[in-house]
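K.L.:
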Amino acid sequence: MLTLAALRARWTGLVGPFVALCLGVALMSMTALILVSAQPRVPDRYAGAAVLVAGPTVEGIPGTFHERRPWSPEQVAALTGRLAAIPAVTAAVPDRSFYAQAVLDGRPVGEPALADPQGHGWSSAALAPYRLTAGGPPERPDEVVLDQALGLAPGSPVTLLTATGPARYTVAGTLDGPGFYLADPVAAPLARGVRLIGLVLADGADRSAVRVAAEAVVGRDGTVLTGDGRAEVEPPRDVRTRWIGMQVLTAMTALAGFVSIFLVASTFAFGVAQRRREFGLLRAVGATPGQLRRLMYTEALTVGAVGAAVGAVLGTACAPAFGAVLVDAGFQPAGFRVRLAPWPPAAAYLVGLVVALLGVWAASRRAGRVRPLEALREAVVDRRPMTRSRWIGGIVSTGGGLLLTVLLAGAGPDDIVNYALYASMALTAGLTLLAPVLVPPLTYALTWPLERLPGATGMLVRRNALTAVRRTASTSAPMLLTVGFAVLIAGSVATSTGAYASRDAGAIRAGSVLVPAGTPGLSDAAVATVAGTTLLPSTVYAEPADGALSGAVGDAGCTGGGCDRADGTGTAGGVPVVAAGVEPTGFARVNGRLDVLSGDFAAFGGPETTVVTAGLAERLGWSAGSGVGVGYPDGTSGIVRVVAVVADGSVPVEMLFPREVIRAHDPSALTEAVFTAGAAGNGNEDSGTGNGGVDFRAALGARLVTVSEYAAERDAAEDRLVWLATLILIAVSAGYTAIALANTLLMATAHRARELLVLLRSGATVRQVLATVAAESALVVAIGTALGLLVPLVALLAIRSALSEQFGVPVDVVVPGPTIGLVVTGCLVLALAASVLPARLVLRAGPGGGGHRVE
Amino acid sequence: MRLHEVVRAYGDGPRRVAALDGVTVDFDRGTFTAVMGPSGSGKSTLLHCAAGLDRPTGGTVTIDGTDLGTLGETALTLLRRARVGFVFQSYNLVPALTAAQNVALPLRLAGRRPDPAELDATLAEVGLTGRGRHRPDELSGGEQQRVAIARALISRPAVLFADEPTGALDTRTSRDILRLLRDLVDRHRQTVVMVTHDPVAAAHADRVVLLADGRVVDELGGDLAAETIAARMTRLEPAC
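Structure follows, in structure tokens:
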């Protein structure tokens, strides 16, 4: 009875927690549904093979995604022969793939990922469920079978771009799936190392028997995958996309959870502060402290149960649409579908209830401590705004936040964002708890000029805010959170992207840069169009020196002694290393940041020499002068000598090889960029249009840009994702706290009806009272903004020192002025609406209205 | 009901103020006592301490043989709920609840389901038959005070405390409320302790305890006339 009556009477105070819990649970339901739906899928290209044999797995740094290690050509031949000999296996097909792209109307079409090449040998078509829709298989060296979606009929000519350059082919047939299939003898020299052998089984073959037999053949040289397990060989790009998506979603949900708890806690705490008289009265007529605590829990649970239920339904209903949005935004791989299941929303619902209970915990304790006599007091002056638990909580949170900030200053690139978020959460909570201490001096300072004004408004605003410290603290808390998070998120992103760009631009001493356009990289033909030094990225596989990296690589398999690492036959395929082929002298000339720590860069150049970064050398136990075992992308391996160790970040990759070495071992590799000596766009520069005005560079999928354009564009795709994530996070936190701000102000104003009427009765005009209310709201926004700026400033300074330590360049803190302006303006408008409008309603009754009817 | 050497002081050291400074007083069963005194004499504090709403800093308060000082917050509340009724000057009804719900509140807080007949009887006793469904803001001041008295009576308390119960009411309504209290004493042997500054109100009591500066300075008994009380009060005034 009491709870229901209270709920009915106090709906204004419960709208905030309701909306917060509803949205929070909706977000959590969506995220949970997407999380369970975001499972790897068997790539279509392998869906036709019942059993896949994949190469050895590799051990990369967490957060990086690598394909399996390729086998050597000899191993491929041996494995294929023995796998084909297994009974019921009709064919064992090594998957030979290479970069290929069609050029239509003078432009390359589509943009395949480097790690998901579209060119294959015709035999690989047997692994896919695709069927020939016209024509026949490629038989002559210049024949190709391609996707019918390109609209080319058998017999028509087509230009294909491969790593060597464009070449003319004739369409032999069309398929109902993607890809370009050449005759196997033509494909083999173009292809990169074989990482996968597909087994085609006879009808009715026993899959598990084949699996066992295949495992016996492969041993430690790879993994046998069947059924859904085949999803493991999906392109790393999809894995990465999904991983980024999950990072964003998790951060968003964590933020939503935190903000929900914060909001529920602050509104209920505020409610208790306002209801002291009511609670005192209940205590006076015989309610025990426990009963008041239970009353609060019941209120929170009721609001939580309804809000969370609405949220769970809402989240489930919106999940499919949200999934589609995520695919469009690039946070989920194409083809992602949300599968609806009952338990994720159910779990989110329970979390919502827990959040409601956590939020009300402190408030209920406070309610239980209300003394019966407080029913008799008109407590407007906060006598004890700080309780002991508030002191402890505030100091612990602030201390924890500062500690995290110190850790943040020394954090690695992957941890910066997480540390910054957690540090800010702790600092925000701490500052909010300590707000009653911080608010009076701040108010004193901010309102000092007001009292010197001739009118009454200034004095009233100042005195009201100073007297009701806790109310001012409570109402400005959401503002603190909004400004804090918006500035932090926008500022940290702007600061770090600025740092990355200045690192990149400062590093390049070149006139102009040839970059890919519509292709994942430059073919050799495109590279040949300009004179300059090139960067040819690829992946090699390193064998760590003995003793280093214990546990990371399959040491367990080598404990018996006699483990020959050089031929790469471990349970794990070594450590993937991002490498690049360069022309040593040209590279040294172009790279302004080259910083040789030990060894001699000039010795770099022979086929068996390499340059590594200090980080990689430390990770693998290498040093200048050591001979190290390296697995090449074609599956072969060899020993190279480390001639120099350079500082991290002074080269764009971890390991440098002479360009010819990478080209020889990775026929499918594409050049990332060509740095020319001359300046771009001057009159003497080749405009890029040859005879007849045809843009031959565009046909080769290349384009010439300035160095700064190159540096800015390099991470453009990455930046877009980061900015999208930033916007989502800001929207979530700002949206939430806007609810809180409006809610607390609405509660505060509604509760102050009597006080406002007193002003009216003292001779103030309605306009004056409203001006006072508006000025007070503006003051609350100002105090919240001032406190809110403290949090991100501390965190941003820490991020700056972390970044400048990493890159060795000075990094400027970027304070996102427009974002702050937008957030503060939005909050101000909302705050004014949430306080002036209810005040108008109260005042409409006139000086005689309100209050109790007295005979 | 007995108070022994009760002290209630606020603050420490030189700023210490004793609102009650060693008060010893008994309230016998079935009596109507008025506590009077000038402003600041400690009469409200006396009532709060006696009712267990406030804790004395010295001395003992005993209700039906139980020393309130030995009880924890919850135990004290339970005892108060069962043995003490309190009526405030400003009614203090829960605005969201109807009159009947307000009256039933102490029973519900005690986990009991109120018997509708008992509820009606209590409302009838205070003269509010048929007004149970109204909310406080739909009732007059006198009616609201009757609801408050009914709420204090519903648990059949040992003592009913009333703090200036007529303070906010006009003369006629005040007289009705005082007659109601007198009636409770005469018909149900209810113990009533009332704080007032109004000699006319005090004249309804059996006994008047006069307080000044936190001490009992006089007691008047027998057949009390408002004039006598007023005269005695006037003599007290200069003392503070």
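Top line first, the protein sequences correspond to chains A and B.
Using the working numbering, you'd call the opening residue of the first sequence number 6 and step up by one each time.
Using the working numbering, you'd call the opening residue of the second sequence number 50 and step up by one each time.
Even for Gly, the Cβ is constructed at its ideal location relative to N, Cα and C.
Bear in mind the structure is a predicted one, so any value in this text is a computation, not a measurement.
Classify A:A736: buried if its beta carbon has 16 or more other beta carbons within 10 angstroms, exposed otherwise.
P.N.:
So A:A736 counts as exposed.
K.L.:
Give me the Cα-Cα distance between A:L451 and A:L439, rounded to the nearest whole angstrom.
P.N.:
Answer to the nearest angstrom: the Cα atoms are 18 Å apart.
K.L.:
Would you call the CB atoms of B:T222 and B:G263 closer than 9 Å?
P.N.:
Their beta carbons are not under 9 Å apart, which means B:T222 does not touch B:G263 by this criterion.
K.L.:
Can a CB atom of chain C be found closer than 9 Å to the CB of B:P155?
P.N.:
Of the chains in the structure shown, none is chain C; the protein chains are A and B.
K.L.:
Can you list, in chain order, the residues of its chain whose CB lies under 6 Å from that of A:V492, leaving out five sequence neighbours each side?
P.N.:
So the list reads P797 and I825, once near-sequence residues are dropped.
K.L.:
Beta strand (DSSP E) containing B:R162: first to last residue?
P.N.:
Note, B:R162: premise wrong, no beta strand (DSSP E); not H, not E.
K.L.:
Leaving out five residues before and five after A:V847 in sequence, what residues of the same chain have Cβ atoms less than 6 Å from its Cβ?
P.N.:
So the qualifying residues of the chain are A758 and L761.
K.L.:
Considering only C-alpha positions, which residue in the set A:F185, A:I91, A:Y104 and A:G115 is nearest to A:A130?
P.N.:
Cα-wise, what sits closest to A:A130 is A:F185.
K.L.:
For A:V114, which of A:L705, A:V617, A:F490 and A:A682 has the nearest alpha-carbon?
P.N.:
Of A:L705, A:V617, A:F490 and A:A682, the residue nearest in Cα terms is A:L705.
K.L.:
What span of residues does the alpha helix (DSSP H) with A:Y135 cover, start to end?
P.N.:
Unbroken run through A:Y135: none, as it is neither H nor E.
K.L.:
For the beta strand (DSSP E) that B:S204 lies in, which residues bound it at each end?
P.N.:
Element bounds for B:S204: n/a, residue is neither H nor E.
K.L.:
For A:E283, which option in A:L268, A:A270 and A:L300 has the closest C-alpha, if you only look at C-alpha atoms?
P.N.:
Comparing Cα positions, the closest option is A:L300.
K.L.:
Give the single residue among B:T147, B:R224, B:D61 and B:T283 whose Cα lies nearest to the Cα of B:A261.
P.N.:
Nearest C-alpha to B:A261: B:T283.
K.L.:
Please list, in chain order, all residues of the same chain as B:A274 whose beta carbon is under 8 Å from its beta carbon, the five residues on each side excluded.
P.N.:
A252.
K.L.:
Taking only beta-carbon atoms, is B:S204 less than 9 Å away from chain A?
P.N.:
Closer than 9 Å to some Cβ of chain A, the Cβ of B:S204 qualifies, so yes.
K.L.:
Looking at the secondary structure, which residues open and close the beta strand (DSSP E) in which A:F609 lies?
P.N.:
Careful: A:F609 lies outside any beta strand (DSSP E) and carries neither H nor E.
K.L.:
Nearest by alpha-carbon distance to A:L465: which of A:G630, A:L764, A:D817 and A:D49 is it?
P.N.:
The residue with the shortest Cα to Cα distance from A:L465 is A:L764.
K.L.:
Kindly list the residues whose CB is nearer than 6 Å to the CB of B:G181, restricted to its own chain and excluding five residues on each side of it in sequence; keep chain order.
P.N.:
Result list for B:G181: A148, A149 and L172, in chain order.
K.L.:
Please state the DSSP three-state secondary structure of A:P171.
P.N.:
Strand.
K.L.:
According to DSSP, B:H53 sits in a beta bridge with which residue or residues?
P.N.:
In DSSP, B:H53 forms a bridge with B:T109.
K.L.:
So if DSSP puts A:F680 in a beta bridge, which residue, or which two residues, is it bridged to?
P.N.:
A:V518 and A:T538, per the DSSP bridge assignment.
K.L.:
Given a threshold of 16 other Cβ atoms within 10 Å of its Cβ, counted over all protein chains shown, does A:A533 qualify as buried or as exposed?
P.N.:
With fewer than 16 Cβ atoms within 10 Å of its Cβ, A:A533 is classed as exposed.
K.L.:
Report the three-state DSSP secondary structure of A:H670 (helix, strand or coil).
P.N.:
The answer is helix: DSSP assigns A:H670 an H, G or I state.
K.L.:
On the DSSP letters alone, give me the boundaries of the alpha helix (DSSP H) that A:P843 sits inside.
P.N.:
Its alpha helix (DSSP H) spans residues G822 to L848.
K.L.:
Identify the contact partners of A:T272 in chain B, using a Cβ-Cβ distance below 8 Å as the criterion.
P.N.:
Neighbours of A:T272 on chain B: none; closest Cβ ~18 Å, over 8 Å.
K.L.:
Taking its Cβ as the centre, do 16 or more other Cβ atoms sit within 10 Å of A:S642, making it buried, or is it exposed?
P.N.:
A:S642 is buried by the Cβ-count criterion.
K.L.:
Along chain B, in chain order, which residues have C-beta atoms closer than 8 Å to that of A:R5?
P.N.:
Chain A is shown only over 6 to 860; residue 5 of chain A falls outside these bounds and no answer can be derived.
K.L.:
Is it buried or exposed, A:G611, if we count other Cβ atoms within 10 angstroms and call 16 or more buried?
P.N.:
Exposed, since its Cβ has fewer than 16 Cβ neighbours within 10 Å.
K.L.:
DSSP three-state call for B:D70: helix, strand or coil?
P.N.:
DSSP places B:D70 in strand when its eight states are reduced to three.
K.L.:
From which residue to which residue does the alpha helix (DSSP H) around A:Y354 run?
P.N.:
Its alpha helix (DSSP H) spans residues W348 to G373.
K.L.:
Nearest chain B C-beta to A:P325 closer than 9 Å, yes or no?
P.N.:
With 9 Å as the cut-off, A:P325 does not count as an interface residue toward chain B.
K.L.:
Quick check: the Cα distance between A:W627 and A:G537, rounded to an integer number of angstroms?
P.N.:
One C-alpha to the other measures close to 31 Å.
K.L.:
For B:L158 versus B:L95, is the C-beta distance shorter than 9 Å?
P.N.:
The answer is no: Cβ separation not under 9 Å.
K.L.:
Helix or strand or just coil, what does DSSP make of A:Q106?
P.N.:
If DSSP states are grouped into helix, strand and coil, A:Q106 belongs with the strands.
K.L.:
Helix, strand or coil: which one does DSSP assign to A:F273?
P.N.:
Helix, per DSSP.
K.L.:
Would you call the stretch 59 to 67 of chain B and the stretch 771 to 780 of chain A touching, i.e. three or more CB-CB distances under 8 Å?
P.N.:
With a cut-off of 8 Å, the stretch 771 to 780 of chain A and the stretch 59 to 67 of chain B do not count as touching, because too few Cβ pairs lie within range.
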